[in-house]
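A.B. asks: Just so we're on the same page, my numbering is the position in the sequence shown counted from 1, plus 765. Note that beta-carbon positions come from the ideal geometry of N, C-alpha and C, so glycine has one too. Next up is a structure, given as structure tokens.
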Amino acid sequence: MLETLEGGTVATVVIAFLVAGVVKGALGMGLPTISVAIMGAALGLREAIPVLMIPSFLANLWQFTRPGPVMPLFKRFGMMNLAACIGIWLGTILLFRIDTVIINSLFGSVVILYALLNLTRVEFTLAPGREPLFGPPVGFFSGLLSGVSGSLLLPVAVYLQALKLDKDTFVQAVGLSLFIGTVIWAISLYSEGAMTADAWILSAIAVPPILVGMVIGQWLRGRIPEAQFRTAIYIILILLSANLIRKGLL
């Protein structure tokens, strides 16, 4: 992990979470993906991922408790989230045991796929009665990706979108899955020795930039076309991820 809190490292964290906060405020998504993509290019994914802890915990706690009651979601998506916890634990173990090139390539590929799915507006439909069949595998695969790459959102978001949930339920269900995942993720990272004092300090430093960025993003939301903003963000994500893959292969 990071040995010292150098000025360049702190600046990278501040910039990454400020930008991620703007996107989160404008679109309601993108916190881990944007911040890890920026930090990963400068610090490395193994160093960047633990910094997400405090911001992710607070953001996802707010997201899943704000719209309404959470117990129905615990019951409905319980098996999916349990499988995700198992996947996160195994994925975190792999994070510190496989080659950095593989980690960079996996993260970059996942983010590029997520961006392309959104740019092309590919949609899937899944009948609610099939949730018991698809929920646990989706949860496990999502957790495995999260542990290795820090990006839990892709399979879970696609799965929940396929269920055609209303907007509030979708946002709350995503927040619940990410919140549970963040707790297990923190425990598994701590067990691997990744949550050092420096990581906690950087994670705390990341909170104010996110808050400022979210205020800016909310201000921008009503002043710029959302569709164009989303397109720009996804293109930037593709470029950042492609660069991360390139750096890993060179």
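1) Whose CA, out of Phe906, Glu771, Ile877, Gly958, lies closest to the CA of serine 844?
2) Thinking C-beta only, is isoleucine 819 closer than 8 Å to isoleucine 803?
3) How would you label lysine 789, buried or exposed, when you count the other beta carbons within 10 angstroms and need 16 or more for buried?
4) When you compare only the Cα positions, how much space is there between valine 816 and alanine 1007?
5) In chain order, what residues of the same chain lie with their CB nearer than 8 Å to the CB of serine 911, ignoring the 5 residues before and after it?
6) Using only the alpha-carbon positions, how far apart do glutamate 888 and leucine 783 sit?
7) Is it right to say valine 801 is buried, meaning 16 or more other beta carbons lie within 10 angstroms of its own, or is it exposed?
8) What separation, rounded to the nearest whole angstrom, lies between the Cα atoms of glutamate 896 and phenylalanine 829?
9) On a Cα-Cα basis, can you pick out the residue from Leu810, Glu771, Leu796 that is closest to leucine 954?
10) On the CB-based measure, 16 or more other CB atoms within 10 Å of its CB, does isoleucine 1010 come out buried or exposed?
11) Using C-beta distances below 7 Å, list every residue in its chain close to valine 903, excluding the 5 sequence neighbours before and after it, in chain order.
12) Which value, in whole angstroms, describes the spacing of the CA atoms of leucine 792 and leucine 1002?
13) For glycine 900, is the classification buried or exposed, using 16 other Cβ atoms within 10 angstroms of its Cβ as the cut-off for buried?
14) Short check: CB of isoleucine 975 to CB of glycine 786, under 8 Å?
15) Under the rule that 16 or more other beta-carbon atoms within 10 Å means buried, what is methionine 836, buried or exposed?
16) In chain order, what are the residue ranges of uninterrupted alpha helix (DSSP H) at least 4 long that sit wholly in the stretch 818 to 870?
C.D. replies: According to the data block:
1) Here residue 844 turns out to be methionine, not serine, going by the sequence shown. Comparing Cα positions, the closest option is Phe906.
2) Against a cut-off of 8 Å, the Cβ pair of isoleucine 819 and isoleucine 803 comes out as no contact.
3) By the Cβ neighbour-count rule, lysine 789 is buried, with 16 or more other Cβ atoms within 10 Å of its own.
4) Valine 816 and alanine 1007 have their alpha carbons spaced roughly 22 Å apart.
5) Apart from the 5 residues on each side of it in sequence, serine 911 sits with its Cβ closer than 8 Å to the Cβ of Ala849, Gly852, Ile853, Gly856, Leu917, Gly946, Trp950 in its chain, given in chain order.
6) Taking the CA atoms as reference points, glutamate 888 sits about 31 Å from leucine 783.
7) Per the 10 Å Cβ criterion, buried.
8) Our two residues, glutamate 896 and phenylalanine 829, have alpha carbons roughly 20 Å apart in a direct line.
9) Among Leu810, Glu771, Leu796, the Cα nearest to that of leucine 954 is on Leu810.
10) By the neighbour-count rule (16 or more Cβ atoms within 10 Å), isoleucine 1010 is buried.
11) Cβ neighbours of valine 903 within its own chain (closer than 7 Å, five residues either side excluded): Met845, Pro920, Val921, Tyr924.
12) Straight across, the Cα-Cα distance linking leucine 792 with leucine 1002 is about 14 Å.
13) Looking at its Cβ environment, which holds 16 or more other Cβ atoms inside 10 Å, glycine 900 is buried.
14) In contact: isoleucine 975 and glycine 786 (Cβ atoms closer than 8 Å).
15) Exposed is the call here.
16) Entirely contained in the stretch 818 to 870, the alpha helix (DSSP H) runs reaching 4 residues are, in chain order, 818 to 830, 836 to 841, 843 to 860.
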